[in-house]
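Numbering (my numbering), first residue to last: 1 to 147.
Ideal Cβ positions, reconstructed from N, Cα and C, are used throughout, including at glycine.
Note that the coordinates shown come from a computational prediction; the quantities given were computed from them, not determined experimentally.
Working notes, beginning with the structure itself.
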C-alpha cells in the first residue's frame with residue numbers, strides 16, 4: 001500500500017512552468033509598462049490640477065491607465081486566467097481607443113482636452129491604436145496549450 005499522495009507534486013495549468021518571454025513579447029510588455037506609467041502620471045496630474053475643466057477626458061485618461069496597468073501585469077504573468085485577463089484588457093483597450101478616437105473626431109466638444117485615447121492616441125504617436133492589435137496578435141500566438 002502506498003502512502004498518502006503529496007499535493008505538492010500535482011501540476012495544474014495555473015502552476016505550470018512559465019515560458020520565458022523573449023523578443024517581441026519583451027518589447028510589447030515594455031511598451032505597455034511605459035504607457036501604463038505615462039497614462040498614470042498624466043491622469044494624476046490632470047485630475048489633481050484641473051479636473052473641473054474636462055472631467056470626462058481626465059476620467060478616461062485614468063481608466064486608460066488602469067487598463068494599461070492590468071494589461072501589463074496580465075502579459076507578464078502566466079496561466080490560463082492571466083491569459084484571459086490579457087485578452088479582456090487588451091480588447092477593452094482597443095474598443096476604448098476606437099470609440100473615444102471616433103467620438104473625439106466627430107464631436108470634439110465631448111473632449112475639450114485630450115485623453116490618452118483621443119484621436120486614436122495622437123498625443124502618444126498613435127501607439128494606443130497599434131498596441132492592442134500587436135498585443136492580440138502576440139496573445140494568439142501564445143495561447144495556453146500551444147508549444
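query                                                                                            : result
Alpha helix (DSSP H) segment containing residue 125, residue limits                              : Segment: none, residue 125 is in no alpha helix (DSSP H) and carries neither H nor E.
Segment contact flag, the segment 110-124 with the segment 54-61, C-beta cutoff 8 Å, min 3 pairs : yes
Rounded C-alpha distance that separates residue 103 from residue 131                             : 20 Å
Which of helix, strand or coil DSSP assigns to residue 115                                       : coil
Residue 36 and residue 76 closer than 7 Å at C-beta                                              : no
For residue 100 and residue 140, the rounded distance between their alpha carbons                : 25 Å
Burial state of residue 111, where buried means 16 or more other Cβ atoms lie within 10 Å        : buried
Spatially closest choice to residue 92 from 124, 47, 129, by CA coordinates                      : 129
Beta-carbon proximity list for residue 56, same chain, < 7 Å, skipping 5 on both sides           : 110, 111
Residue 70: first and last residue of the uninterrupted alpha helix (DSSP H) it sits in          : 55-76
Given residue 42 as reference, the closest of 66, 22, 72, 144 once Cα atoms are compared         : 66
Three-way DSSP call (helix, strand, coil) for residue 21 in this model                           : coil
Extent of the continuous alpha helix (DSSP H) run through residue 104                            : 80-106
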